[in-house]
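Q:
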Amino acid sequence: MDERSRIQEVLARYVRATDARDGAGQGALFTDDAVVRIFSKIADGSRAEVGEPLIGGAGVEFAVANFMAPHPPLGSSHHVTADHIIEVEGDTARLNAQYVVFEVQGTPRPDGGWPAGTVGVQGAVRPIEAGYYDTELRLVDGAWKITRHHVPQDLPFALPDAGPTPSGRA
Amino acid sequence: MDERSRIQEVLARYVRATDARDGAGQGALFTDDAVVRIFSKIADGSRAEVGEPLIGGAGVEFAVANFMAPHPPLGSSHHVTADHIIEVEGDTARLNAQYVVFEVQGTPRPDGGWPAGTVGVQGAVRPIEAGYYDTELRLVDGAWKITRHHVPQDLPFALPDAGPTPSGRA
Amino acid sequence: MDERSRIQEVLARYVRATDARDGAGQGALFTDDAVVRIFSKIADGSRAEVGEPLIGGAGVEFAVANFMAPHPPLGSSHHVTADHIIEVEGDTARLNAQYVVFEVQGTPRPDGGWPAGTVGVQGAVRPIEAGYYDTELRLVDGAWKITRHHVPQDLPFALPDAGPTPSGRA
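Protein chains in written order, with the numbering used here: chain H, 2 to 171; chain F, 2 to 171; chain P, 2 to 171.
What follows is the structure, given as structure tokens:
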């Protein structure tokens, strides 16, 4: 497999891990000193960092376990990536991709069965987030690992303790 | 073209055929003994098989002709796949991809023309389904063909004759 | 990088340029004599051309500057492409891809901060358009450039001066 495909598959495994809330699997894709930063849109159209950077696979694993809500019953998600631009230079690489997150919520089958005439999939699929992954990787012992992962989101972000702050962060 | 790209294009042709309701074209992508199984989510979060497996390209063609609703006037669809993970081993391969299905419904132009001030695309694009394609392929006379195609859907599924059954299928 | 990946990245840069309303960047992906034609769905299910063809990178740049609405505050978009089929023959190539356009609209943070209990992304992501890119490219001085770009859209299209016309264009 060529390097470009191998790098793209790191992101394919990243989205499967995040959709499965598999923090250990997601963390294993990062180096120990990787830096992960999330940015949200603010009113002037620029972006502001959300919270503090996460550091390394351990930081990613902690964030998945503590900051990502578990899926409700019959709920799931798809982080879909597209239009990858990948530059490889020796044992380092940079990847830029678009992402859209879909939230999936199934309708539970009623105790007495589906009403007469009900046919096909039951539930809703809804896009809830979009943005870019701007990611740097390094070849470590033959495997591409993420060393830097910036996530410029397209939407404003409200932190739990949100309120007016001197830095104007949303 | 490398094997990975050739395999990914089998899926690209599969989604075009299914969106065009082209059963013959879709069936031609499968071996005669291919096994196709659809799985839906059930209440406990696991999956249950929807109906019986389809067998071979002929089975796929029959299903497209008999089980897929034709598009309404100005209606169409896009089965979009993303984040492919592909493993090739000699003349066999395994492909895993995310999919999201979009239903497209155009608004017919009124007999007297669009109302004043109406500009741009007229209609709706709506995600209605999502899940994974988990697919095995084999190189047959120089072409990759699907030998096994599992479709774990993310939503519960109501069959036309749905009702309580001993197997608890939804 | 193989030719197939290089060609796919032309489209990846195309969608970034169009989402950024970067007419110069988008135009630079086309040859001077490139022909761009947009087609919309009409009532009988066939397609009719929208307006006149655009010619060359200059035509594309003009169209982005004059025909594409700027994003509103906290607004953005993603043209997402998928399921590419690419055929390369010497220094020419043909690319077919699905596309879905997502419109993103953020909610501005209230002057007094987000209401208590507000957490996460604030705003909406909405698919608004879909169709295909049917594109021909040529290798010019070592770079793939678009020579022909057809965009069969899935939805009817209302032009600003729409009304009944002899050609029946919608």
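Just so it is clear, CB atoms sit at the ideal spot from N, CA and C, and this is done for glycine as well.
Taking only runs of the beta strand (DSSP E) that begin and end inside the region 70-153 of chain F, which ones reach a length of at least 3 residues, in chain order?
A: 76-90, 93-107, 124-141, 144-153
Q: Taking CB distances under 9 Å as the criterion, tell me whether ARG17/H reaches chain P.
A: no
Q: In chain order, what are the residue ranges of uninterrupted beta strand (DSSP E) at least 3 long that sit wholly in the region 19-68 of chain H?
A: Listed in chain order, the complete beta strand (DSSP E) runs (minimum 3 residues) inside the region 19-68 of chain H are 31-42, 48-56.
Q: Beta-carbon of ALA13/H versus every beta-carbon of chain F: anything under 9 Å?
A: yes
Q: Any C-beta of chain H within less than 8 Å: which residues of the region 123-152 of chain F qualify?
A: PRO128, ILE129, GLU130, ALA131
Q: ALA159/F bridges to which residues according to DSSP?
A: As a beta-bridge residue in DSSP terms, ALA159/F pairs with GLY121/H.
Q: Under 9 Å, do ALA159/F and ARG110/H count as touching if we go by C-beta distance?
A: Going by C-beta atoms, ALA159/F is nearer than 9 Å to ARG110/H.
Q: Considering Cα atoms alone, identify which of ALA29/P, ARG149/P, LEU138/P is closest to ASP92/P.
A: LEU138/P
Q: Can you tell me whether PRO157/P is buried or exposed, with buried defined as 16 or more other CB within 10 angstroms of its CB?
A: buried
Q: Which same chain residues, not among the five before or five after ASP20/P, have their C-beta less than 8 Å away from its C-beta?
A: SER77, SER78, HIS79, HIS80
Q: Measure the alpha-carbon distance for PRO74/P versus GLY46/P and round it to whole angstroms.
A: 36 Å
Q: What residues in the region 46-79 of chain F bring their beta carbon closer than 8 Å to a beta carbon of chain P?
A: PRO74, LEU75, SER77, HIS79
Q: Short check: CB of VAL128/F to CB of VAL120/H, under 9 Å?
A: Sequence check: residue 128/F is Pro here, not Val. Not in contact: PRO128/F and VAL120/H (Cβ atoms no closer than 9 Å).
Q: In its own chain, which residues sit with a C-beta less than 8 Å from the C-beta of LEU12/H, not counting the 5 before and 5 after it?
A: THR82, HIS85, LEU96, ALA98, TYR134, THR136
Q: Going by C-alpha to C-alpha distance, which of MET69/F, GLU62/F, PHE40/F, LEU140/F sits closest to GLU53/F?
A: PHE40/F
Q: Just checking my contact of GLY124/H with GLY107/H at CB under 8 Å: how many whole Å lie between their CB atoms?
A: Right, their Cβ atoms sit about 4 Å apart.
Q: Sort VAL36/F, PHE63/F, ALA59/F by Cα distance to GLU50/F and report the nearest one.
A: When each option's Cα is compared against that of GLU50/F, the closest is VAL36/F.
Q: Using a Cβ-Cβ cut-off of less than 8 Å, give me the residues of the region 95-118 of chain F that come near chain P, in sequence order.
A: PHE103, VAL105, GLY107, THR108, PRO109, ARG110, GLY113, GLY114, TRP115
Q: Can you find a CB in chain H that lies within less than 9 Å of the CB of SER6/P?
A: yes
Q: Which same chain residues, not among the five before or five after VAL101/P, have their C-beta less than 6 Å away from its C-beta?
A: VAL81, PRO128, ALA131
Q: From ASP142/F, ALA144/F, GLY26/F, ALA94/F, pick the residue whose C-alpha is nearest to that of ALA64/F; which is it?
A: GLY26/F
Q: For GLU90/P and PHE103/H, what's the separation of their Cα atoms in angstroms?
A: Each residue's alpha carbon lies about 37 Å from the other.
Q: With a threshold of 16 other CB atoms inside 10 Å of the CB of PHE31/H, please say whether the residue is buried or exposed.
A: buried
Q: Return the CA-CA distance between GLY143/P and ARG5/P, expressed in angstroms with no decimal places.
A: 14 Å
Q: Using a Cβ-Cβ cutoff of less than 7 Å, which residues in the same chain neighbour ARG48/H once the five nearest sequence positions on both sides are dropped?
A: PHE40, SER41, LYS42, PRO153
Q: Taking the alpha carbon of ALA94/H as the point to measure from, which residue in HIS150/H, VAL16/H, TRP115/H has its own alpha carbon closest?
A: HIS150/H
Q: Does any residue of chain H bring its CB to less than 9 Å from the CB of VAL37/F?
A: Judged by the 9 Å Cβ criterion, VAL37/F is not in contact with chain H.
Q: Going straight from the alpha carbon of GLY57/P to that of VAL141/F, what length do you get?
A: 43 Å
Q: So, are the CB atoms of PRO71/P and ARG7/P less than 9 Å apart?
A: no
Q: Roughly how many angstroms lie between the CA atoms of GLU10/F and ASP34/P, to the nearest whole one?
A: 30 Å
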